[in-house]
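When the letters of the sequence shown are read in order and numbered with our numbering, they come out as residues 1 to 240.
Some notes on the structure that comes next.
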Amino acid sequence: PMMINFTTETEKAWYKSPAIVAAVGVSAIALAAFIYPELATQPIVHYRADDNSSSADRYTLQRQTHCQLSSQHYKPGDTAVSIPFADRAVVTKTISIANSLTLMGECQHNGRSITNKQPGTSLVALLERSQSAIQQQHQTNKNPGILTIVANDFEPRQGERAIDFSRVKTLVDDIEKQGVVISFIIPQGQLYEDLTNQLSSKESICVLDEGKDEDAVRRSMTPCIDAAFTKARKKTNKSN
(Lines of atoms letter the chains of each structure in order from A and count residues from 1; the text may use other names and numbers.)
(Lines give C-alpha, C1' and ligand atoms only; values in the text may rest on other atoms or scores of the structure.)
Protein backbone atom coordinates (compact mmCIF):
# COMPACT_ATOMS: atom_id res chain seq x y z
CA PRO A 1 0.00 0.00 0.00
CA MET A 2 1.13 3.58 -0.62
CA MET A 3 2.43 5.43 2.51
CA ILE A 4 1.42 9.07 2.81
CA ASN A 5 3.58 11.33 4.92
CA PHE A 6 1.34 14.04 6.39
CA THR A 7 4.03 15.68 8.47
CA THR A 8 6.17 17.17 5.76
CA GLU A 9 4.05 20.27 5.21
CA THR A 10 2.75 20.87 8.71
CA GLU A 11 5.91 20.45 10.84
CA LYS A 12 8.46 23.20 10.61
CA ALA A 13 11.91 22.80 12.08
CA TRP A 14 12.04 24.96 15.28
CA TYR A 15 14.94 27.01 13.99
CA LYS A 16 12.84 28.20 11.02
CA SER A 17 10.29 29.85 13.34
CA PRO A 18 11.30 33.49 13.95
CA ALA A 19 9.32 33.66 17.21
CA ILE A 20 11.04 30.61 18.70
CA VAL A 21 14.47 31.70 17.50
CA ALA A 22 13.91 35.13 19.08
CA ALA A 23 12.78 33.57 22.38
CA VAL A 24 15.77 31.19 22.46
CA GLY A 25 18.12 34.07 21.62
CA VAL A 26 16.74 36.33 24.36
CA SER A 27 16.97 33.48 26.88
CA ALA A 28 20.58 32.75 25.89
CA ILE A 29 21.56 36.43 26.23
CA ALA A 30 19.81 36.72 29.61
CA LEU A 31 21.52 33.55 30.82
CA ALA A 32 24.93 34.70 29.62
CA ALA A 33 24.48 38.10 31.28
CA PHE A 34 23.46 36.35 34.51
CA ILE A 35 26.34 33.87 34.51
CA TYR A 36 28.98 36.18 33.06
CA PRO A 37 28.14 39.72 34.20
CA GLU A 38 31.78 40.68 33.67
CA LEU A 39 31.30 40.27 29.92
CA ALA A 40 28.93 43.23 29.93
CA THR A 41 30.67 45.20 32.69
CA GLN A 42 33.95 47.09 32.68
CA PRO A 43 36.04 45.66 35.58
CA ILE A 44 37.40 48.30 37.93
CA VAL A 45 39.87 48.62 40.81
CA HIS A 46 38.33 50.17 43.92
CA TYR A 47 40.65 51.85 46.44
CA ARG A 48 38.64 52.17 49.67
CA ALA A 49 40.20 54.68 52.05
CA ASP A 50 38.88 54.90 55.62
CA ASP A 51 39.77 57.32 58.39
CA ASN A 52 41.60 55.36 61.12
CA SER A 53 42.79 58.35 63.15
CA SER A 54 42.07 58.64 66.88
CA SER A 55 39.37 61.23 66.26
CA ALA A 56 37.56 58.80 63.91
CA ASP A 57 37.49 55.98 66.46
CA ARG A 58 33.70 56.41 66.80
CA TYR A 59 33.27 56.19 62.99
CA THR A 60 32.57 52.44 63.11
CA LEU A 61 29.20 52.83 61.36
CA GLN A 62 30.70 55.06 58.66
CA ARG A 63 33.50 52.54 57.92
CA GLN A 64 31.01 49.65 57.85
CA THR A 65 28.57 51.48 55.56
CA HIS A 66 31.42 52.48 53.21
CA CYS A 67 32.36 48.79 52.91
CA GLN A 68 28.75 47.58 52.47
CA LEU A 69 27.78 50.13 49.81
CA SER A 70 31.00 49.42 47.89
CA SER A 71 30.46 45.64 48.07
CA GLN A 72 27.01 46.02 46.52
CA HIS A 73 28.69 47.43 43.39
CA TYR A 74 31.38 44.75 43.01
CA LYS A 75 31.30 42.39 40.03
CA PRO A 76 33.52 39.39 39.21
CA GLY A 77 36.77 40.72 37.77
CA ASP A 78 36.93 43.76 40.06
CA THR A 79 39.73 44.34 42.57
CA ALA A 80 39.22 45.86 46.05
CA VAL A 81 42.13 47.60 47.77
CA SER A 82 41.85 48.78 51.42
CA ILE A 83 43.81 51.89 52.42
CA PRO A 84 43.26 52.88 56.08
CA PHE A 85 44.85 56.25 56.93
CA ALA A 86 45.75 58.44 59.88
CA ASP A 87 49.07 60.37 60.11
CA ARG A 88 50.13 57.94 57.34
CA ALA A 89 48.30 55.64 54.92
CA VAL A 90 48.79 51.88 54.58
CA VAL A 91 47.58 49.36 51.98
CA THR A 92 46.31 46.52 54.18
CA LYS A 93 44.43 44.29 51.74
CA THR A 94 44.06 43.67 48.00
CA ILE A 95 41.21 41.30 47.11
CA SER A 96 40.30 39.98 43.65
CA ILE A 97 36.53 39.69 43.41
CA ALA A 98 35.60 36.23 42.08
CA ASN A 99 31.87 36.29 42.92
CA SER A 100 29.33 37.97 45.18
CA LEU A 101 30.46 35.88 48.17
CA THR A 102 34.11 36.98 48.03
CA LEU A 103 33.63 39.78 50.58
CA MET A 104 31.09 38.02 52.78
CA GLY A 105 31.90 39.00 56.36
CA GLU A 106 34.56 41.52 55.28
CA CYS A 107 32.37 44.49 56.29
CA GLN A 108 32.00 43.21 59.84
CA HIS A 109 35.64 44.07 60.54
CA ASN A 110 35.17 47.81 60.88
CA GLY A 111 37.41 48.65 63.82
CA ARG A 112 40.52 50.71 63.13
CA SER A 113 43.23 48.77 61.25
CA ILE A 114 46.01 51.22 62.12
CA THR A 115 46.53 53.78 64.89
CA ASN A 116 48.25 57.15 64.95
CA LYS A 117 52.01 57.14 65.44
CA GLN A 118 51.92 60.92 65.69
CA PRO A 119 49.11 63.50 65.87
CA GLY A 120 47.38 64.60 62.69
CA THR A 121 45.57 63.05 59.73
CA SER A 122 47.42 63.66 56.50
CA LEU A 123 45.54 64.11 53.23
CA VAL A 124 48.82 64.43 51.30
CA ALA A 125 50.13 61.14 52.77
CA LEU A 126 46.87 59.40 51.81
CA LEU A 127 46.93 60.70 48.22
CA GLU A 128 50.65 59.86 47.82
CA ARG A 129 50.10 56.29 49.08
CA SER A 130 47.02 55.94 46.87
CA GLN A 131 48.98 57.16 43.86
CA SER A 132 51.73 54.57 44.43
CA ALA A 133 49.11 51.81 44.94
CA ILE A 134 47.52 52.83 41.61
CA GLN A 135 50.89 52.75 39.82
CA GLN A 136 51.59 49.33 41.33
CA GLN A 137 48.20 47.98 40.14
CA HIS A 138 48.78 49.43 36.66
CA GLN A 139 51.83 47.22 36.18
CA THR A 140 49.50 44.23 35.77
CA ASN A 141 45.98 45.69 35.78
CA LYS A 142 45.09 48.55 33.44
CA ASN A 143 41.42 48.70 34.45
CA PRO A 144 39.90 52.07 35.45
CA GLY A 145 39.75 52.80 39.18
CA ILE A 146 37.84 54.52 41.95
CA LEU A 147 39.26 56.09 45.10
CA THR A 148 36.54 56.69 47.71
CA ILE A 149 37.71 58.54 50.82
CA VAL A 150 35.57 58.62 53.96
CA ALA A 151 37.16 61.04 56.43
CA ASN A 152 36.30 62.62 59.75
CA ASP A 153 38.79 65.42 59.11
CA PHE A 154 42.28 66.13 57.82
CA GLU A 155 44.62 68.15 59.96
CA PRO A 156 48.35 68.95 59.70
CA ARG A 157 50.89 66.54 61.18
CA GLN A 158 53.70 67.58 63.50
CA GLY A 159 55.94 70.10 61.78
CA GLU A 160 53.23 71.11 59.28
CA ARG A 161 51.36 74.39 59.62
CA ALA A 162 48.44 73.66 57.29
CA ILE A 163 47.21 71.30 54.58
CA ASP A 164 49.24 71.90 51.42
CA PHE A 165 46.35 72.32 48.99
CA SER A 166 48.57 72.97 45.96
CA ARG A 167 50.16 69.54 46.55
CA VAL A 168 46.70 68.03 47.09
CA LYS A 169 45.52 69.52 43.79
CA THR A 170 48.54 68.15 41.90
CA LEU A 171 48.04 64.66 43.36
CA VAL A 172 44.29 64.64 42.63
CA ASP A 173 44.96 65.71 39.01
CA ASP A 174 47.64 63.03 38.58
CA ILE A 175 45.39 60.31 40.03
CA GLU A 176 42.48 61.33 37.79
CA LYS A 177 44.78 61.30 34.74
CA GLN A 178 45.51 57.64 35.52
CA GLY A 179 41.85 56.77 34.94
CA VAL A 180 40.78 56.88 38.59
CA VAL A 181 37.57 58.60 39.76
CA ILE A 182 38.02 60.27 43.17
CA SER A 183 35.21 60.72 45.66
CA PHE A 184 35.60 62.61 48.97
CA ILE A 185 32.90 61.91 51.58
CA ILE A 186 33.48 64.31 54.48
CA PRO A 187 31.44 66.23 57.07
CA GLN A 188 30.19 69.77 56.40
CA GLY A 189 32.72 72.30 57.67
CA GLN A 190 35.95 74.11 56.80
CA LEU A 191 37.60 71.12 55.10
CA TYR A 192 34.52 70.64 52.90
CA GLU A 193 34.59 74.34 51.95
CA ASP A 194 38.35 74.27 51.24
CA LEU A 195 38.17 71.16 49.05
CA THR A 196 35.14 72.49 47.16
CA ASN A 197 37.01 75.74 46.47
CA GLN A 198 40.31 74.07 45.55
CA LEU A 199 39.24 71.13 43.39
CA SER A 200 37.71 71.45 39.95
CA SER A 201 35.61 68.25 40.13
CA LYS A 202 33.05 69.62 42.61
CA GLU A 203 30.62 66.71 42.12
CA SER A 204 33.19 64.39 43.69
CA ILE A 205 32.78 65.95 47.16
CA CYS A 206 29.83 64.78 49.28
CA VAL A 207 28.67 65.63 52.80
CA LEU A 208 29.01 62.76 55.28
CA ASP A 209 26.47 62.25 58.06
CA GLU A 210 28.50 61.87 61.28
CA GLY A 211 25.63 60.51 63.38
CA LYS A 212 24.73 57.02 64.52
CA ASP A 213 21.54 56.73 62.46
CA GLU A 214 22.34 53.97 59.98
CA ASP A 215 19.78 55.10 57.38
CA ALA A 216 21.01 58.70 57.48
CA VAL A 217 24.67 57.64 57.11
CA ARG A 218 23.72 55.36 54.21
CA ARG A 219 21.72 58.15 52.52
CA SER A 220 24.66 60.56 52.80
CA MET A 221 27.16 58.13 51.24
CA THR A 222 25.06 56.40 48.57
CA PRO A 223 24.93 59.14 45.86
CA CYS A 224 28.70 59.68 45.95
CA ILE A 225 29.61 55.99 45.81
CA ASP A 226 26.95 55.21 43.15
CA ALA A 227 28.16 58.09 40.95
CA ALA A 228 31.83 57.07 41.25
CA PHE A 229 31.15 53.44 40.26
CA THR A 230 28.89 54.48 37.36
CA LYS A 231 31.51 56.92 36.06
CA ALA A 232 34.36 54.40 36.33
CA ARG A 233 32.42 51.59 34.64
CA LYS A 234 31.92 53.87 31.61
CA LYS A 235 35.68 54.24 31.18
CA THR A 236 37.60 51.71 29.10
CA ASN A 237 40.88 49.97 29.83
CA LYS A 238 43.88 52.23 29.51
CA SER A 239 46.40 51.15 26.92
CA ASN A 240 49.37 52.92 28.48
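Think of the CB as a built atom: it goes at the ideal place given N, C-alpha and C, for glycine as much as any other residue.
Rounded to whole angstroms, A98 and S200 show a C-alpha spacing of 35 Å. K93 carries a strand assignment under DSSP once its states are collapsed to helix, strand and coil. Bridge partners of E214 according to DSSP: none are assigned. For H46, the enclosing beta strand (DSSP E) covers residues 45 to 51.
Cα atoms of I225 and A232: separation of roughly 11 Å, rounded to the nearest angstrom. For I83, the closest of K75, G77, T92 by C-alpha to C-alpha distance is T92. The criterion of a C-beta distance shorter than 7 Å is satisfied by R88 and A125.
Secondary structure note for F165: it is in no beta strand (DSSP E), and the uninterrupted alpha helix (DSSP H) holding it is 165 to 177. If you check the CB distance, N110 and T60 come in under 7 Å. Excluding sequence positions up to five before and after I205, its CB lies within less than 6 Å of the CB of F184, L195, T196, all in the same chain and listed in chain order. Taking a contact to require three or more Cβ pairs closer than 8 Å, the region 150 to 159 and the region 59 to 74 qualify as touching. G189 is positioned such that its CB atom lies no closer than 7 Å to that of V45. When secondary structure is reduced to three states using DSSP, E155 falls in the strand class.
Residue nearest to L123 within the set D215, C67, V172 is V172 (criterion: CA-CA distance).
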